[in-house]
Amino acid sequence: MNSEIVSVSQDDLLKRRKQLLKQRKVRSLKEVWRVLIIASLAGGVVYAIKSPIWVIRRPEQIAIKGSQHIQPQTLRSLLKIAYPQSLWRIEPKAIESQIKEKLPVEAIAVSRQIFPPGLTVQLTEPTYVALSVQLPEPTAEVAAPALEQRPNRSADPKAAPTAGEKLGLLDKNGGWIALERYTLLDPGFKPPTLKVIGNPQQIRPYWQKLYEACDRSVVKISEIDWRDINNLMLKTELGTIRIGAYSPALFAQQLDILSQMKQLPEQLQGDEILSIDLSNPDSPFVQTGKATAKPKNLVKSKPEKPKKEDSHD
C-alpha cells in the first residue's frame with residue numbers, strides 16, 4: 208500500500224519536472240525571439256537612417272505650400288540643411304524655428320514625407336493691409352515733410368524715403384515689417400493702397416478694431432494720420448476728416464455719420480470740401496472753400512420731447 212503511494216508520488220514529480228523544463232524552454236525561446244525582434248528593429252532604424260533611399264539630396268525635395276509672396280527658392284535657401292542629409296536626422300521643429308526667425312509667417316508646420324523622401328513646409332503668410340509711414344520727430348530746424356511732398360508709396364514702393372522716414376507694412380493684427388525687407392523677399396510686391404502715418408508701436412493696441420471699422424466704411428478711406436495719438440485724422444473721398452481722440456464705440460458712430468455725408472459734394476454744388484470735423488459726432492462741421500457750417504439734413508437728430516400743455520382751471 209505504501210509502495211503504491213510512493214510510486215504515484217514519484218510519477219507526479221517526474222511529470223511536474225518535465226512541465227517545468229518545458230515552460231523554461233518556452234520562456235527561453237520567447238526571450239530569444241524578443242532579443243531578435245528588438246535587434247531587427249534597431250537594425251532597421253539604423254538602416255533607415257543610413258539608407259540612401261530616405262535621403263534629401265537637393266533643395267527641390269522640400270515642398271513649399273501656402274506661399275503667396277515668399278518665393279520657394281528664397282525659403283529653401285534660408286534652411287540650414289547640409290545636403291545630402293538623412294530624412295530622419297532632420298528635426299521638423301528646428302526647421303519651423305529657423306523659418307519663424309527669418310521670415311514673416313503667421314503659422315507654419317513642417318512634416319517628413321516618406322514616399323518620395325522629402326519635407327513638406329505648410330505656411331500661412333500674414334495679410335498686409337496698410338503701408339506704414341513713420342516720420343521723424345519734427346525739430347525747430349527741420350520740419351517733417353508735408354503729405355503732398357512725400358513720394359506716392361502705393362504707386363512706387365521703391366521710391367527712396369525722405370530723411371528719417373521709416374516705411375513698413377502693417378498686417379490686420381498690427382504686425383509690422385520693414386518695406387525694404389519685404390520687397391527683397393518679393394520684388395514684385397505692390398503695397399496696399401491704405402496708408403497709415405504714425406508710430407506703429409503706439410498704434411498697435413488699437414489697430415485691429417480701427418482697421419476693421421475702416422474696412423467696413425461706406426466712404427473710402429485712403430489714409431490714416433495718427434501722428435498725434437489724441438488727434439486721429441482720416442483722408443477720405445470726401446476730404447480730410449478730423450476724428451479727435453480715438454474711442455472704438457465713438458469711432459463707429461463717427462463713421463456712421465460720415466456715411467450719411469456721402470452725397471454731400473452733390474448738395475454743395477461744386478463747392479470744395481476742405482475738411483470735416485467729427486470730433487463731436489452730434490454736431491459735425493464742414494469747412495468748405497466758402498464757409499464753415501453745420502450740414503443740414505445729413506445727421507439724424509434725436510426726436511424732441513413733446514412739450515407739456517399748461518393746465519387751465
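Read in this note's numbering, the sequence shown has 468 at position 261, and its numbers run on one by one without any break.
C-beta atoms are modelled at their ideal positions from N, C-alpha and C, and glycine is treated no differently.
Model, not experiment: these values are computed from the prediction.
Selection from the options that minimises the alpha carbon distance to residue i
i: R521; options: L374, I315 and W414; result: Beyond the ends of the chain as shown, which are 208 and 520, falls residue 521; an answer cannot be given.
i: E267; options: K427, P394 and P324; result: P324
i: S454; options: P343, N487, S293 and S247; result: N487
i: V336; options: L485, V317 and I428; result: I428
i: V262; options: I410, Q278 and I297; result: I297
i: Q461; options: R265, F322, I448 and K379; result: I448
i: D484; options: E238, V317 and M440; result: M440
i: D489; options: I450, E479 and I321; result: I450
i: F396; options: L236, V233, H276 and S216; result: H276
Through-space distance from residue j to residue i, alpha-carbon basis
i: I288; j: Q408; result: 36 Å
i: A459; j: Q341; result: 26 Å
i: R231; j: W295; result: 40 Å
i: L243; j: I269; result: 36 Å
i: E308; j: D435; result: 32 Å
i: E303; j: I315; result: 6 Å
i: V239; j: K225; result: 21 Å
i: R241; j: A249; result: 12 Å
i: R223; j: A246; result: 34 Å
i: P386; j: G405; result: The identity of residue 386 in the sequence shown is Leu, whereas the question assumes Pro. So the alpha carbons of these two residues sit roughly 15 Å apart.
i: A456; j: R411; result: 18 Å
i: L227; j: R234; result: 10 Å
Integer Cβ distance of residue i from residue j, believed to fall under 8 Å
i: V328; j: I271; result: 5 Å
i: N437; j: A420; result: The pair is not a contact, with the Cβ atoms about 18 Å apart (cut-off 8 Å).
i: K393; j: Q280; result: The sequence as given places Asp at residue 393; Lys does not occur at that position. In fact, because the Cβ distance is near 12 Å, the residues do not count as touching under 8 Å.
i: L465; j: V426; result: 5 Å
i: Y418; j: K379; result: 6 Å
i: L310; j: V317; result: Actually they do not touch by this definition, with Cβ atoms about 13 Å apart.
i: R319; j: P291; result: Not a contact, Cβ separation roughly 15 Å.
Neighbourhood of residue i by C-beta, 6 Å cutoff - its chain only, sequence neighbours within 5 removed
i: E430; result: K402 and K442
i: E355; result: Confidence at E355 is low in this model, with a pLDDT of 44, below 50, so the placement of that residue is unreliable and no value is reported for it.
i: D218; result: none
Close-in-space but distant-in-sequence residues of the same chain around residue i (CB under 7 Å, 5 per side omitted)
i: V312; result: I306, L330, T331 and E332
i: L220; result: none
i: Q415; result: K379, N380 and G381
i: L475; result: T495
Proximal residues to residue i (C-beta, below 8 Å), its chain only, five neighbours per side dropped
i: P399; result: Y335, V336, A337, L338, S361 and L376
i: L481; result: G446, T447, Q494, T495 and G496
Residue i Cβ short of 7 Å to the ligand HEM heavy atom set
i: D463; result: Because no ligand of any kind appears in the structure shown, any question about the ligand HEM cannot be addressed here.
Minimum Cβ-Cβ distance from residue i to chain C less than 8 Å
i: G250; result: This model lacks chain C altogether, as it is built from one protein chain only.
field: Any alpha helix (DSSP H) of 4 or more consecutive residues that is wholly inside the segment 219–303
entry: As far as the segment 219–303 is concerned, its whole alpha helix (DSSP H) runs of at least 4 residues are 279–285.
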